[in-house]
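S.K.: Take the sequence shown: its position 98, counting from 1, is numbered 98 in my numbering, and each next residue is one higher. Ideal Cβ positions, reconstructed from N, Cα and C, are used throughout, including at glycine. This structure is a prediction, so every number in the text was calculated from the model and none was measured. Input: one structure, supplied below.
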Amino acid sequence: MSAAASTPQDAAAALRQHPRLEALVEQARTLAARHPAPLALVHPCDALALQAAQVIRSEGVAHPLLVGDPRLIEQAAEQAGVDSREFEIVATSAEGPAAAARAVELARQGTVRALMKGSLHTDELMSAVVDRTTGLRAGRRISHGFVFDLPRYHKLLALADCVVNISPDLKTKADILANALDMLRRLGVARPKAAAIAAVETVNPAIPATLDAAELARMGGEGRFGDALVEGPLGFDNAFSAQAARTKHIDSRGAGDFDLLLVPDLNAGNMLYKSFVYVGGGECAGLVLGARAPIVLTSRADSLAARLASVALAVIHSSAEAGTAS
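Set out below in structure tokens:
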């Protein structure tokens, strides 16, 4: 997620190179025109956050509410060359946790449909989200999911979990898988295909990820994840490429056509998603899933195109939840 795009025009140009993400932005724009899509931009107190707010507003994918200290927001707006008077500001104190708590409260009240991280630390935002009393916990473990537009793949490809869960056990992987499949269904994939990937495609007790993958595939076959195809363990090569699967004589109904790759842990997922971007020329949108509202986590390395596409994904996700996606 390179930082090359720094203006709304740059972001739009970058998305034109990734038409599947561009289609998500167009879908979100249409939804937001029919039904207001308020988004809490939490502690947007640097130039990057204000640039993102400007792009989100100008592209019409959501209505950003700036939640934070007005003085710091104004300073950031000046640095970004953005007129802060164009935005509604929900005033809090200067501390990131105060903005996070207020934004989570707005989501609990239904005032906003999604959250987006500004310039506060991730743990400051997520601490408010996962608070057992005042947070946004739902029934499942909170996880993260990306969707990638890759030059060498024929459709959007999801990847989970590369951001939140470090070394997930089987139960957590089941929640990660369920969250990501739910995201795909909200994107219109009626029967998503998921591959639980590992270093090898055979069950090996010395590689615990293969045991988990086989169990998840068994659970999928029993209908534990709804109408979905779940296979595993599979290597990345034979999940991504039908030719690789044929060469290795692997019997797979989804090879070369999976909608989701479930990674074994954060180390593998983080390196794979960065390889998709920096080596593979892809671009992505991502969300924290499993909470009562979708959450866009940003990195300073994220392009404006990725930020815009992630907000679009949040709008589509929340609209489907609210029954307004049609």
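If you drop the 5 nearest sequence neighbours on each side, which residues of the same chain put their C-beta closer than 6 Å to that of Leu265?
M.R.: Reading the sequence as shown, one finds Asp at residue 265 and not Leu. Excluding sequence neighbours, Asp265 sits near Ser167.
S.K.: So if DSSP puts Phe87 in a beta bridge, which residue, or which two residues, is it bridged to?
M.R.: According to DSSP, which records beta bridges pairwise, Phe87 is partnered with nothing at all.
S.K.: Could you check how far apart the C-beta atoms of Asp161 and His144 are, in whole angstroms? I think they sit under 8 Å.
M.R.: Confirmed, Cβ separation roughly 5 Å.
S.K.: Is it right to say Pro44 is buried, meaning 16 or more other beta carbons lie within 10 angstroms of its own, or is it exposed?
M.R.: Answer is buried; the Cβ neighbour count reaches 16.
S.K.: Are the beta-carbon atoms belonging to Ala77 and Asp69 less than 8 Å from one another?
M.R.: Not in contact: Ala77 and Asp69 (Cβ atoms no closer than 8 Å).
S.K.: Whole angstroms is fine: what's the gap from Thr133's alpha carbon to Leu115's?
M.R.: Going by the C-alpha atoms only, they are around 18 Å apart.
S.K.: Where does Gly280 fall in DSSP's three states?
M.R.: Of the three classes helix, strand and coil, the one that applies to Gly280 here is coil, per DSSP.
S.K.: Determine the DSSP secondary structure at Lys171, reduced to helix, strand or coil.
M.R.: In this structure, Lys171 counts as helix in the three-state DSSP scheme.
S.K.: Ala206 to Thr172, Cα distance in whole Å?
M.R.: Cα-Cα distance, rounded: 20 Å.
S.K.: Can you check DSSP and say which residues form a bridge with Ala205?
M.R.: At residue 205 the sequence reads Pro, which differs from the Ala that was named. Per DSSP, none; premise fails for Pro205.
S.K.: Residues in its own chain within less than 7 Å of Ser318 by CB, not counting five upstream and five downstream?
M.R.: Result list for Ser318: Arg113, Ala114, Ala293, Pro294, in chain order.
S.K.: On the DSSP bridge assignment, give the partners of Leu65 in chain order.
M.R.: Paired residues: Ala40, Glu88.
S.K.: To the nearest angstrom, how far is it from the Cα of Ala101 to the Cα of Gly139?
M.R.: About 21 Å.
S.K.: Nearest CA to the CA of Arg186: which residue from His35, Leu48, Glu283, Val315?
M.R.: Selected option, being the one with the closest Cα: Val315.
S.K.: Leu39 and Ala49 look like a contact to me (Cβ under 8 Å); what is the Cβ gap, rounded to whole Å?
M.R.: Not a contact, Cβ separation roughly 12 Å.
S.K.: Note the first and the last residue of the continuous alpha helix (DSSP H) segment covering Val130.
M.R.: 122-130 is the span of the alpha helix (DSSP H), which, as asked, contains Val130.
S.K.: Classify Lys117 as buried or exposed, calling it buried when 16 or more other Cβ atoms lie within 10 Å of its own Cβ.
M.R.: Buried is the call here.
S.K.: Please report the distance separating the alpha-carbon of Ala52 from that of Glu222.
M.R.: Straight-line Cα distance between these residues: approximately 43 Å.
S.K.: Mind checking Gly269: buried by the 16 CB within 10 Å criterion, or exposed?
M.R.: Gly269 comes out buried.
S.K.: Do Val67 and Leu308 have their beta-carbon atoms positioned less than 8 Å apart in this structure?
M.R.: No, the pair does not count as a contact, with Cβ atoms beyond the cut-off.
S.K.: Buried or exposed for Gly96, please, with buried defined as at least 16 other CB atoms from any protein chain shown within 10 angstroms of its CB.
M.R.: Gly96 should be labelled buried.
S.K.: Leu216 and Leu177 - do their beta-carbons sit closer together than 8 Å?
M.R.: For Leu177 and Leu216, yes; Cβs fall inside 8 Å.
S.K.: Are three or more beta carbon pairs between the stretch 254-265 and the stretch 277-285 nearer than 8 Å?
M.R.: No, they do not touch.
S.K.: Compute the distance between the beta-carbons of Val129 and Ala301, then report whether it is under 8 Å.
M.R.: No, Cβ-Cβ distance for Val129 and Ala301 is not below 8 Å.
S.K.: Do the CB positions of Ala214 and Gly232 come within less than 8 Å of each other?
M.R.: Cβ atoms of Ala214 and Gly232: closer than 8 Å.
S.K.: Would you check if the distance between the CB atom of Ala32 and the CB atom of Val61 is smaller than 8 Å?
M.R.: Going by C-beta atoms, Ala32 is nearer than 8 Å to Val61.
S.K.: Would you tell me roughly how many angstroms separate the C-alpha atoms of His249 and Glu86, rounded to the nearest one?
M.R.: The alpha-carbon atoms of His249 and Glu86 are separated by roughly 59 Å.
S.K.: Where do the N-terminal and C-terminal ends of the alpha helix (DSSP H) with Gln56 fall, by residue?
M.R.: Checking the sequence shown, residue 56 turns out to be Ile, not Gln. Residues 47-59.
S.K.: Look up Arg113 in the DSSP assignment and give the residues it is bridged to.
M.R.: Answer by DSSP bridge pairing: none, since Arg113 is not bridged.
S.K.: What is the DSSP secondary structure of Arg102, reduced to helix, strand or coil?
M.R.: Of the three classes helix, strand and coil, the one that applies to Arg102 here is helix, per DSSP.
S.K.: Between His63 and the rest of its own chain, which residues show a CB-CB distance below 7 Å, the 5 nearest in sequence each way excluded?
M.R.: Counting only Cβ-Cβ distances below 7 Å, and skipping sequence neighbours, we find Pro36, Ala37, Pro38, Leu39.
S.K.: Can the beta-carbon of Asp237 be found less than 8 Å from the beta-carbon of Ala244?
M.R.: A contact, by the Cβ cut-off of 8 Å.
S.K.: Assuming the contact rule is C-beta atoms closer than 8 Å, Leu136 and Val104 should be a hit. Round their C-beta distance to whole Å, please.
M.R.: 6 Å between Cβ atoms; contact.
S.K.: Taking buried to mean at least 16 other C-beta atoms within 10 Å of its own C-beta, is Asp169 buried or exposed?
M.R.: Classification for Asp169: exposed.
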